[in-house]
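Here the structure is laid out as structure tokens; the discussion comes afterwards.
Numbering (the numbering used here), first residue to last: 142 to 468.
Rendered as structure tokens:
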């Protein structure tokens with residue numbers, strides 16, 4: 142949203158999409174002071190998130206090597222591995238792309254990379270959101286239907302595979318709707334190029350539907366599933382505690398297992414809370430912009446940048462959350 146030029150869906154403009162579009166009002170975006178601050182913070186968070194998530198993956202790899210002769214990684218560690226991979230993917234694609242695009246302001250990489258990077262950006266945003274859903278579902282089933290989970294060893298892998306497949310498929314339309322446009326001032330060749338979705342939808346409601354579908358899959362549906370799963374977990378544990386506290390022995394082996402299981406449940410709630418807190422401002426601004434593009438003129442630029450940067454904290458927080466609950 143921040144990098145796309147605001148152009149109305151004008152039929153005359155759309156019919157000349159491969160040519161230079163006349164520049165309206167002569168206003169072109171530039172890199173401002175607050176934009177420079179956003180770029181600096183973006184690359185700082187990029188380094189931080191890369192270090193945190195890569196370190197955790199290396200730690201998981203060491204655990205895997207130690208267990209080659211014996212047991213496999215626990216269900217939760219396998220889920221965390223895929224969540225970390227998704228976070229690292231998001232870090233390596235979204236953050237550098239956002240930072241560089243804010244530096245250049247316009248798009249210099251051509252039509253092919255416009256489509257491919259737009260696809261990879263959305264794919265890398267879907268993946269961690271869907272992995273959070275898988276973790277919430279797995280923890281909920283482990284509490285409410287422990288026997289079914291233990292008897293179906295392929296359930297976890299099936300959910301993980303489905304999350305990756307849906308991420309790949311749902312990001313597919315980006316390859317079609319994103320394209321290059323060129324703006325000209327009427328006195329010569331194009332003076333500004335941008336990678337946008339301008340004129341990709343025959344009707345305005347087609348774009349609105351796609352935007353709401355993306356918003357629903359990235360935020361609303363994962364949020365609802367996480368809330369329902371965590372509510373079921375809390376309800377189940379509360380009911381068991383009221384009936385007989387001794388039934389909270391969720392594993393029949395060692396006495397310290399219930400404490401470990403409760404710790405992973407708290408960690409799951411912390412992951413969900415981080416997801417909601419970090420991404421809510423981003424999507425609120427996005428929805429506001431869809432309904433009212435002029436909001437960019439009413440919300441100060443530093444505030445706009447701040448809320449967008451807040452979303453980049455999520456992949457930084459997840460490794461810290463795991464580290465805290467592993468102490």
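Note that CB positions come from ideal geometry on N, CA and C, so glycine has one too.
Straight-line Cα distance separating residue j from residue i
i: residue 152; j: residue 440; result: For residue 152, the pLDDT reaches just 40, beneath the cut-off of 50, and the residue's location in the model is therefore unreliable, although a value from the coordinates is still provided. C-alpha separation (whole angstroms): 30 Å.
i: residue 164; j: residue 284; result: Confidence at residue 164 is low in this model, with a pLDDT of 49, below 50, so the placement of that residue is unreliable and no value is reported for it.
i: residue 459; j: residue 332; result: 42 Å
i: residue 269; j: residue 174; result: 31 Å
i: residue 449; j: residue 407; result: 27 Å
i: residue 260; j: residue 464; result: 32 Å
i: residue 377; j: residue 405; result: 15 Å
i: residue 291; j: residue 222; result: 20 Å
i: residue 403; j: residue 466; result: 10 Å
i: residue 462; j: residue 256; result: 34 Å
i: residue 311; j: residue 413; result: 22 Å
i: residue 150; j: residue 254; result: Confidence in residue 150 is poor, its pLDDT being 45 and thus under 50, which makes the residue's placement too unreliable to answer from.
i: residue 232; j: residue 454; result: 10 Å
i: residue 426; j: residue 288; result: 43 Å
i: residue 206; j: residue 345; result: 54 Å
Contact check, residue i vs residue j, beta carbons under 7 Å
i: residue 240; j: residue 180; result: yes
i: residue 229; j: residue 258; result: no
i: residue 277; j: residue 234; result: no
i: residue 275; j: residue 301; result: yes
i: residue 318; j: residue 341; result: yes
i: residue 456; j: residue 190; result: yes
i: residue 370; j: residue 299; result: no
i: residue 334; j: residue 242; result: no
i: residue 420; j: residue 452; result: yes
i: residue 307; j: residue 271; result: yes
i: residue 198; j: residue 225; result: yes
Residue i: first and last residue of the uninterrupted beta strand (DSSP E) it sits in
i: residue 202; result: Run containing residue 202: none in the beta strand (DSSP E); it sits in the alpha helix (DSSP H), 174 to 207.
i: residue 337; result: 333 to 337
Extent of the continuous alpha helix (DSSP H) to which residue i belongs
i: residue 88; result: Residue 88 is absent from the model: the chain starts at 142 and stops at 468.
i: residue 249; result: It is not in any alpha helix (DSSP H) - residue 249 carries neither H nor E in the DSSP assignment.
i: residue 459; result: 455 to 466
i: residue 309; result: 296 to 311
i: residue 476; result: Since the first and last residues shown for the chain are 142 and 468, residue 476 lies out of range.
i: residue 450; result: 442 to 452
i: residue 354; result: 345 to 356
Best match in the options for proximity to residue i [C-alpha to C-alpha]
i: residue 244; options: 199, 170, 219; result: 170
i: residue 90; options: 412, 352, 176; result: With the chain running from 142 to 468 in the structure shown, residue 90 is simply not present.
i: residue 428; options: 310, 352, 415, 262; result: 352
i: residue 320; options: 372, 338, 334, 345; result: 338
i: residue 217; options: 409, 425, 262; result: 409
i: residue 366; options: 417, 433, 334; result: 417
i: residue 262; options: 224, 348, 314; result: 314
Counterpart residues of residue i in DSSP-defined beta bridges
i: residue 322; result: 335
Beta carbon proximity, residue i to chain B, threshold 7 Å
i: residue 432; result: Checking the listed chains, one finds no chain B in this structure; it contains a single protein chain.
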